[in-house]
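A.B. asks: Quick note: the sequence shown uses this note's numbering, first residue 165, plus one each step.
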Amino acid sequence: MPSSPNNVPGNDRQRVSARPGEGDYREVFTAIDIGFGLVDLIFDGDRVIDCRFLEANAQFLRQTGLRDPVGQTWHALQPALDGDWIGTFGEIARTGHATRFETRVAQGDRRYDAQVARIGEPGSVRIAVLLSDVTERHRTETLAREAEERLQLALSAGGGIGTWDWDIARDRVTADARFALLYGVDPAAALAGAPITTFFQGIHPDDRARTEQAIEMAVQSGGPFEAEYRLLERDGTIRWVIAQGRCERAADGTALRFPGISFEITARKLADVRQTALLALGDAIRDLTDPAAIAYAAAEILGHALQVSRVGYGVIDTLAETITVERDWNAPGTRTLAGMLQFRDYGSYIEDLKAGRTVVIADVERDPRTAAGAAGLKAISAWSFVNMPLLEQDAFVALLYANHDQPRVWADEELQLMREVADRVRAATERLRAEAALRESEEQFRVFAQAVPSLIWAARPDGEIYWVNQQVYDYAGISPGALTGSGTWLSLVHADDREATATTWQAARDTGTTYAAEFRLRSADGGYRWFLARAEPVRTIGGQITRWVGTNTDIDDGRRHAAELLAWTETLEDQVAARTRELMDVEAALRQSQKMEAVGQLTGGLAHDFNNLLTGIMGSLELLGIRIAQGRLGDVERYSLAAQGAAKRAAALTHRLLAFSRRQTLDPRPTDVNRLIGGLEELVRRTVGPDIAVEVVASAGLWSTLVDPNQLENAILNLCINARDAMPTGGRLTIETANRWIDARMGRDRDLEPGQYVSLCVSDNGTGMPPEVVAKAFDPFFTTKPLGLGTGLGLSMIYGFARQSGGQVRIYSEVRKGSNICIYLPRHFGPSDEDEPQPDFAEAPRAIRGETVLIVDDEPTVRMLVVEVLEELGYAAIEAADGPAGLKILQSDTRIDLLVTDVGLPGGMNGRQMADAARVGRPDLKILFITGYAENAVVGNGHLDPGMHVMTKPFAIDALADRIRDLIRLP
């Protein structure tokens, strides 16, 4: 059961009470201006849960807003009562300690001083509450506190506003912390008081004497004191202040105290300096026309504004890391830096400048970028400095610098002033350049306008002509100046054209579009000629038209020619046909001329080589006949071998000529280029000699290619011999193969169709070829070798062979580095042929009885040799000297197992035509073409029909025998 703290029994909510005393003080209780209330506490166990009012005077009721509270609980009167009140009452009843606090006991903005105390002996549960209205006092204190806070905020926001009071008799200046910090004095010492000289030490040396004199005058006169001066901090920072105060004097005139206040005005002074400097700069450079003079004027103004030792401009060489100074401004006692200086002599800050960053150094001894070169910088009065890079199109081209001979902190406002000055100097310089360029452009325009034969004129936006070139006056026969003005030029226009011309001109001006018109102008002799007038508007950047510039071009002859051309239109087709015939005749004559020139070149080279070869053949045969007649048969073999060797060399020369002309009959076969090179490697090594290292780099998985293997071997040997000759003192020769994918771009570079190719490259590290030799390397008979050591047909033969095989040849060469010649051949999608064994005539298979071969050739010697071979092998041989004779035999019922025929035959029918005609009646006829020269139309660019084969003259007897046997045995 809940009970009160003093264990008085009762109900759950029991009130323990006693009647208040009835004393004489009841009138006082009612009349006082202090609210008084008396309550008994209600407990729930040990916890106070409410209170019941016993007494309350009228002032208490007014203050709390309660009505008839006596006998009621506080929660019943104010359900929203703050629980802290009840808790406070319980604590006071328990401890007996009275308490006092400020509170609001009712809704509103009034505040009360509450005094709460326990009434009676310990254990009493009666509480007295006294409420005094302190609203006005609280408001006054709040206003005073807020005023103080605003003052402190204002002083703090002033960035250095401080107060001071000088006791003159004791020479003690008492100052607040802001004043002390502003003057560089310990705040504690300033608050305790310090001699005035302590504060004078913070004044700039140049301003100290003036400031002391102003204070002395104020002390003597008793008048107001005001002075502006600079404060110099230990790190070199300069602050401007204005000090104001008044000296208080005794009745006898004795100076007693000197209170005052100091305001920092650095920002204002810097703003004034900036404005003054920029105004002075504008006045100084307004009439200057020399960029160097503008730069010096700006440097001088900046030097005075910043109060530094030196200011100047310099041109930068970023590669050499130098600055070249033509002229700079220097304070008295400071020497100029005119000349060239190396940045690296003074530190590493050039890296910042090249990155476009401004370098600001307050003390060169303390900054790591300049500490190593501090002595040199101090020697040139640059103990502190600013280097501001000037950029053009993001390139570091010039530098604006400010130097001072003492450590110095550079304010942001000062750096901004330097940037503004630099920008204005640059703008002025660019303006001068633009004006000079404009003057030059206008002068060039005038010179051009006077030089060209056309009539040139210029007009204002309203159409008034203000300038024409001399050609206008010369054409019209009038004096200069007669056409300037609005509409005067129309007097020269033909009367029939005048209205349309004026309307077109007005429309162009109204719309701002190009003016174009054709009209007739009167000339000096009174006649009229047609002119085409065109004019374009000249606009500002904003698009406003400033003037028109136009030309009048004489088109009278053109119009007359157009009329004549119109009259000729009816005969145009006949004229074109006649002209085309003439061009075709000229083109044919040109081709014939080129043919004759080429024939001349070929004939000269061919005659030289064949004369040498025929001399060897004829001489060997003559000596062979002589020795046989003498019976000296021992020398027969030597002369026979000599004749055969010369004949083979002649055959090789013929093959080269045919390859160059791309008319050579090829025998293309699927070829493994790696295997072919492997068979040639030993021959190549013996050919190039021991001084040249031969390396073969064969690509794995190399594709096969459809090519004449014999011609490819010949091409490889030629390239290796050329490489050997390019390395007279030895070197390295490399033969390399690879698979190549040629895309469209690479195909254009190499003159090849896009696709898959096999490349074969022969490279050397020899003398190389200059570009002019590379350009002629494929020309026939072009050689750089001494006379008699080269025919000039090797590379031209290779070129012809590669092109006829569907490929290309390319040369890559550098002088003294070597050459690389690559042959590109199309990939063949199929297996390559196996190597064929070399035939041996002695072991050639013999004919089966009755096998017959028809030989058709217009050369009796060739027929005789082939017949001899056939009869030796047991074949029946039939001869024919031309195409018609051969066809007659083929169309008979004579057995023919194989046709061997030349391609070029007399009688109006070549070998291919004869073969095609023969297959009409003999569709399975096997045919072997033997030829030294074959037309592309006959052999189909090297591609023959099934059952047709080709063999190139001259050929070995054993090779012919083997080929005939193989063809006859084919199914």
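For each residue, glycine too, the CB sits at the ideal point set by N, CA and C.
Note that this is a predicted model, so its numbers are computed, not measured.
Near Ala378, which residues of its chain fall below 6 Å by C-beta distance, leaving aside the five closest residues on each side in sequence?
C.D. replies: By 1-based counting over the sequence shown, the position of residue 378 is 214. Counting only Cβ-Cβ distances below 6 Å, and skipping sequence neighbours, we find Ala391.
A.B. asks: Distance, Cα to Cα, Arg610 vs Ala664?
C.D. replies: Numbered from 1 along the sequence shown, position 446 holds the residue referred to as residue 610. Numbered from 1 along the sequence shown, position 500 holds the residue referred to as residue 664. For Arg610 and Ala664, the distance between alpha carbons rounds to 30 Å.
A.B. asks: Indicate whether Ser512 and Arg530 have their beta-carbon atoms separated by less than 9 Å.
C.D. replies: Position 348 of the sequence shown, counted from the start, is the residue given in the question as residue 512. Position 366 of the sequence shown, counted from the start, is the residue given in the question as residue 530. Their beta carbons are not under 9 Å apart, which means Ser512 does not touch Arg530 by this criterion.
A.B. asks: Give the range of the alpha helix (DSSP H) segment to which Val524 is assigned.
C.D. replies: The residue labelled residue 524 in the question sits at position 360 within the sequence shown. Not the alpha helix (DSSP H): Val524 falls in the beta strand (DSSP E), residues Val523 to Ile525.
A.B. asks: Mind the definition here: the stretch 685-694 touches the stretch 704-713 only if three or more C-beta pairs lie below 8 Å; say whether that holds.
C.D. replies: Flag = no, the stretch 685-694 and the stretch 704-713 do not touch.
A.B. asks: Quick check on the burial criterion: 16 or more other C-beta atoms within 10 angstroms. Buried or exposed for His568?
C.D. replies: Your numbering for residue 568 matches position 404 in the sequence shown. Per the 10 Å Cβ criterion, buried.
A.B. asks: Please list the terminal residues of the continuous alpha helix (DSSP H) segment that includes Lys940.
C.D. replies: Position 776 of the sequence shown, counting from 1, holds the residue named residue 940. Here the alpha helix (DSSP H) through Lys940 covers Pro935 to Lys940.
A.B. asks: At what residues does the beta strand (DSSP E) containing Asp406 begin and finish?
C.D. replies: For the purposes of this step, residue 406 is taken as the residue at position 242 of the sequence shown. Inspection of the sequence shows that residue 406 is occupied by Ile rather than by Asp. Taken as a continuous stretch (DSSP letters only), the beta strand (DSSP E) holding Ile406 covers Ile402 to Arg410.
A.B. asks: Find the nearest neighbour of Pro496 within the set Thr678, His468 and Ala484, judged by alpha-carbon distance.
C.D. replies: By 1-based counting over the sequence shown, the position of residue 496 is 332. For Pro496, the nearest C-alpha among the options comes from His468.
A.B. asks: His368 to Val472, Cα distance in whole Å?
C.D. replies: Position 204 of the sequence shown, counted from the first residue, corresponds to residue 368. Position 308 of the sequence shown, counted from the first residue, corresponds to residue 472. So the alpha carbons of these two residues sit roughly 14 Å apart.
A.B. asks: Under the DSSP definition of a beta bridge, which residues are partnered with Ser923?
C.D. replies: Here residue 923 corresponds to residue number 759 of the sequence shown, with the count starting at 1. Ser923 is bridged to Ala902 and Tyr988.
A.B. asks: Assuming Glu428 is part of the beta strand (DSSP E), what are its boundary residues?
C.D. replies: In the sequence shown, the residue the question calls residue 428 occupies position 264. Element bounds for Glu428: Ala419 to Glu428.
A.B. asks: Taking the beta carbon of Gln875 as the centre, do at least 16 other beta carbons fall within 10 Å, making it buried, or is it exposed?
C.D. replies: As a working mapping, residue 875 is identified with position 711 in the sequence shown. Label assigned to Gln875: buried.
A.B. asks: State the Cα-Cα distance for the pair Ser960 and Asn882, rounded to the nearest angstrom.
C.D. replies: Start at 1 with the first residue of the sequence shown, and residue 960 comes out as number 796. Start at 1 with the first residue of the sequence shown, and residue 882 comes out as number 718. So the alpha carbons of these two residues sit roughly 11 Å apart.
A.B. asks: Among residues of its own chain, excluding the 5 on either side of Asp340, which ones have a beta-carbon nearer than 6 Å to its beta-carbon?
C.D. replies: On the sequence shown, position 176 is the one that residue 340 refers to. Cβ within range, chain order: Gly326 and Thr327.
A.B. asks: What does the alpha-carbon distance come out to for the pair Arg1086 and Ile962?
C.D. replies: Locating residue 1086 in the sequence shown gives position 922, counting from the first residue. Locating residue 962 in the sequence shown gives position 798, counting from the first residue. Those two C-alpha atoms are separated by around 39 Å.
A.B. asks: Output the distance between the C-alpha atoms of Val475 and Ser545, rounded to the nearest integer angstrom.
C.D. replies: In the sequence shown, counting from the first residue as 1, residue 475 sits at position 311. In the sequence shown, counting from the first residue as 1, residue 545 sits at position 381. Their Cα atoms are separated by approximately 11 Å.
A.B. asks: Please report how far the alpha carbon of Ala543 lies from the alpha carbon of Trp330, in whole angstroms.
C.D. replies: If you number the sequence shown from 1, residue 543 lands on position 379. If you number the sequence shown from 1, residue 330 lands on position 166. Distance between the alpha carbons of Ala543 and Trp330: 44 Å.
A.B. asks: Whole angstroms are fine: how far does the CA of Ala941 sit from the CA of Ala1079?
C.D. replies: If you number the sequence shown from 1, residue 1079 lands on position 915. If you number the sequence shown from 1, residue 941 lands on position 777. Approximately 40 Å, taken between the alpha carbons.
A.B. asks: Find the nearest neighbour of Val1033 within the set Gly199, Val1064, Trp249 and Ala462, judged by alpha-carbon distance.
C.D. replies: By 1-based counting over the sequence shown, the position of residue 1033 is 869. Considering only alpha carbons, the answer is Val1064.
A.B. asks: Report the option in Ile629, Ile781, Arg595 and Ser923 whose CA atom is closest to the CA atom of Asp451.
C.D. replies: Counted from its first residue, the sequence shown places residue 451 at position 287. When only C-alpha atoms are compared, the closest one is Arg595.
A.B. asks: From the DSSP output, which residues share a beta bridge with Tyr347?
C.D. replies: Taking the first residue of the sequence shown as position 1, residue 347 is located at position 183. Beta-bridge pairing links Tyr347 to no other residue.
A.B. asks: Helix, strand or coil: how does DSSP classify Tyr630 here?
C.D. replies: The sequence position of residue 630 within the sequence shown is 466, counting from 1. Strand at Tyr630.
A.B. asks: Comparing alpha-carbon positions, which option in Ala671, Tyr692, Val632 and Trp631 lies nearest Asp661?
C.D. replies: Taking the sequence shown and counting its residues from 1, one reaches residue 661 at position 497. Cα-wise, what sits closest to Asp661 is Tyr692.
A.B. asks: Applying the criterion that 16 or more other CB atoms from any shown protein chain within 10 Å of the CB defines a buried residue, is Phe612 buried or exposed?
C.D. replies: The residue you call residue 612 lines up with position 448 of the sequence shown. Phe612 comes out exposed.
A.B. asks: Pairs of beta-carbons, one from the stretch 850-857 and one from the stretch 880-895, closer than 8 Å: are there three or more?
C.D. replies: The stretch 850-857 vs the stretch 880-895: in contact.
A.B. asks: Contact check, Gly424 vs Gly409 under 8 Å by CB: the rounded distance?
C.D. replies: Residue mapping note: residue 424 aligns to position 260 of the sequence shown, counting from 1. Residue mapping note: residue 409 aligns to position 245 of the sequence shown, counting from 1. Gly424 to Gly409, Cβ: 2 Å. Contact.
A.B. asks: Of all Cβ atoms in chain C, is any one closer than 9 Å to the Cβ of Gln1077?
C.D. replies: Absent from the structure: chain C. Only one protein chain is present.
A.B. asks: So for Gly185, helix, strand or coil by DSSP?
C.D. replies: As a first step, residue 185 is located in the sequence shown; it is residue number 21 there, counting from the start. Because the pLDDT of Gly185 is 48, which lies under 50, any placement of that residue in the model is unreliable, and the number read from its coordinates should be weighed accordingly. Gly185 falls in the coil class under three-state DSSP.
A.B. asks: Do Tyr988 and Arg914 come within 9 Å of each other at the CB atom, strictly closer than that value?
C.D. replies: For the purposes of this step, residue 914 is taken as residue 750 along the sequence shown, with counting starting at 1. For the purposes of this step, residue 988 is taken as residue 824 along the sequence shown, with counting starting at 1. Contact flag set, yes.
A.B. asks: Report the rounded CA-to-CA distance for Tyr637 versus Ala566, giving the unit in angstroms.
C.D. replies: Taking the sequence shown and counting its residues from 1, one reaches residue 637 at position 473. Taking the sequence shown and counting its residues from 1, one reaches residue 566 at position 402. The straight-line gap from Cα to Cα measures roughly 59 Å.
A.B. asks: So, using beta-carbon positions, are Asn1074 and Val1084 closer together than 9 Å?
C.D. replies: On the sequence shown, position 910 is the one that residue 1074 refers to. On the sequence shown, position 920 is the one that residue 1084 refers to. Cβ atoms of Asn1074 and Val1084: not closer than 9 Å.
A.B. asks: Among the candidates Leu654, Cys884, Arg1129 and Leu844, whose CA atom is the shortest distance from the CA of Leu1037?
C.D. replies: Reading the sequence shown from its first residue, position 873 is the one you call residue 1037. It is Arg1129 whose Cα lies nearest to the Cα of Leu1037.
A.B. asks: Could you name the residues of the same chain whose beta carbon sits closer than 6 Å to that of Arg1133, not counting the 5 residues immediately before and after it, in chain order?
C.D. replies: For the purposes of this step, residue 1133 is taken as residue 969 along the sequence shown, with counting starting at 1. Excluding residues within five positions, none has a Cβ falling inside 6 Å.
A.B. asks: Taking the straight line between their C-alpha atoms, what separation do you get for Arg301 and Ile198?
C.D. replies: Taking the sequence shown and counting its residues from 1, the one referred to as residue 301 is at position 137. Taking the sequence shown and counting its residues from 1, the one referred to as residue 198 is at position 34. Arg301 and Ile198: Cα-Cα distance of roughly 15 Å.
A.B. asks: Within the continuous alpha helix (DSSP H) that includes Pro832, where are the two ends?
C.D. replies: By 1-based counting over the sequence shown, the position of residue 832 is 668. Element bounds for Pro832: n/a, residue is neither H nor E.
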